[in-house]
Each structure stands twice: as C-alpha cells, then as structure tokens.
Amino acid sequence: MAGRFSFSNFFGVGDDQLDDQPVQPSQAAPQASTNQAANTRTAPKVVPMQGGKSVNSKIALFEPKIYSDVKEIASQLLKNQAVIVNFDHVDDQMARRIVDFLTGTVYAINGEIERIGDEIFLCIPENYEVSGSTTSQFNPNSL
1 MAGRFSFSNF FGVGDDQLDD QPVQPSQAAP QASTNQAANT RTAPKVVPMQ GGKSVNSKIA
61 LFEPKIYSDV KEIASQLLKN QAVIVNFDHV DDQMARRIVD FLTGTVYAIN GEIERIGDEI
121 FLCIPENYEV SGSTTSQFNP NSL
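Heads up, the sequence shown is in UniProt numbering, so the first residue is 1 and it goes up one at a time.
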C-alpha cells in the first residue's frame with residue numbers, strides 16, 4: 001500500500017502504521033518508575049524556624065576585684081553569653097581599664113556594651129537585642 005495516497009495515512013491515523021510498529025512493554029515500565037522517583041525528590045522539606053539562635057541563652061553576672069578577672073568575662077562573651085558587670089569592688093581607674101578591654105572584646109564579636117547604672121555595664125554578643133532605655137541620670141564623675 002505504499003503507492004496509494006490517503007488522508008488518513010498522511011495525518012498518521014492509518015491502520016497500516018499501527019500494525020507495523022509493535023508496542024514494547026519494557027519502555028512503559030521505566031517511565032512509571034521514573035515518575036515515582038521524580039515525585040519523591042520534589043517532596044517539600046520541613047525546616048525549623050529557630051534561625052540558629054540558642055534556646056538556652058544565659059546572662060552571667062560578674063563583680064571583678066582585680067584586672068585579671070576580665071579574662072573570665074571575655075571568655076563568657078566569646079561563648080555568646082551576655083554579661084552584666086558590676087564595678088562596686090574596684091576603683092575607677094581599674095574599672096576604666098576593664099571597660100576598655102571589654103569594649104575591644106565586644107567590638108571583635110560585633111556585640112554591644114551599654115551602661116545601665118552608675119557602676120554597672122551590660123555586654124551583649126551579636127545574637128542579643130536590648131530594648132528600652134534607662135531614665136535615671138548617671139553620675140558623670142564615675143567611670
């Protein structure tokens with residue numbers, strides 16, 4: 001029937017072509033398994049929304065008596081813990097030296113240092129946020 005022209009053969013709906021090409025069942029089976037594999041790969045993943053923040057955040061309180069106590073304060077800051085430092089037990093010159101050291105430490109970890117009282121400072125690492133402000137006047141002669 002190769003010499004005969006028909007519209008059904010021209011458009012590919014002729015009966016002759018259906019009989020000439022047998023359907024191979026081995027081709028249909030891999031497509032089904034490929035579709036199943038594609039469905040399992042596109043499944044959404046659940047991710048917790050904590051954002052890396054520590055749930056057990058701590059604030060350490062220090063009352064340094066000598067300059068070498070600043071090492072322990074700095075190590076707490078490097079562990080991403082907030083620190084409150086009370087300078088009641090040191091003189092003003094020693095307190096200034098400690099505040100200078102802590103200012104450098106806080107700068108290195110992208111944190112902040114704030115004065116929250118006459119002789120009390122709050123040092124916080126990067127993952128903390130302080131809201132509010134103090135309304136009391138600080139003694140300008142101390143620290």
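Heads up, the beta-carbon is just placed ideally off N, CA and C, and yes, glycines get one too.
### Message
Please report the straight-line C-alpha distance between Ile73 and Ser131, rounded to a whole angstrom.
### Response
Distance between the alpha carbons of Ile73 and Ser131 is about 23 angstroms.
### Message
Check this for me: beta carbons of Val106 and Ile98, under 7 angstroms apart or not?
### Response
no
### Task
Using beta-carbon positions only, say whether Phe87 and Glu119 come within less than 7 angstroms of one another.
yes
### Task
Locate the beta strand (DSSP E) running through Phe87, then write down its first and last residues.
No beta strand (DSSP E) contains Phe87, which DSSP labels as neither H nor E.
### Message
Do Lys71 and His89 count as a contact pair if the criterion is CB distance below 7 angstroms?
### Response
no
### Task
Please list, in chain order, all residues of the same chain as Ile109 whose beta carbon is under 7 angstroms from its beta carbon, the five residues on each side excluded.
Leu77, Leu78, Pro125, Glu126
### Query
For Ile113, which of helix, strand or coil comes out of DSSP?
strand
### Message
If we require 4 or more residues per run, which alpha helix (DSSP H) segments fall completely within the region 60-85?
### Response
70-78
#### Entry: Buried or exposed (CB count within 10 angstroms, at least 16 for buried), residue 147
The structure shown does not extend to residue 147, since the chain is modelled only from 1 through 143, so no value can be given for it.
### Query
How would you call Gln81, buried or exposed, if buried means at least 16 neighbouring beta carbons within 10 angstroms?
Buried is the call here.
### Task
Kindly indicate which residue of Ala95, Ser133, Glu129, Gly117 has the alpha-carbon position closest to the one of Ser68.
Checking every option, the nearest Cα to that of Ser68 belongs to Ala95.
### Task
To the nearest angstrom, report how far apart Ile84 and Asp100 are at their CA atoms.
15 angstroms
### Message
Can you find the residues in the same chain that come closer than 6 angstroms, C-beta to C-beta, to Ala60, ignoring five residues on each side of it along the sequence?
### Response
Gln76, Gln81, Val83
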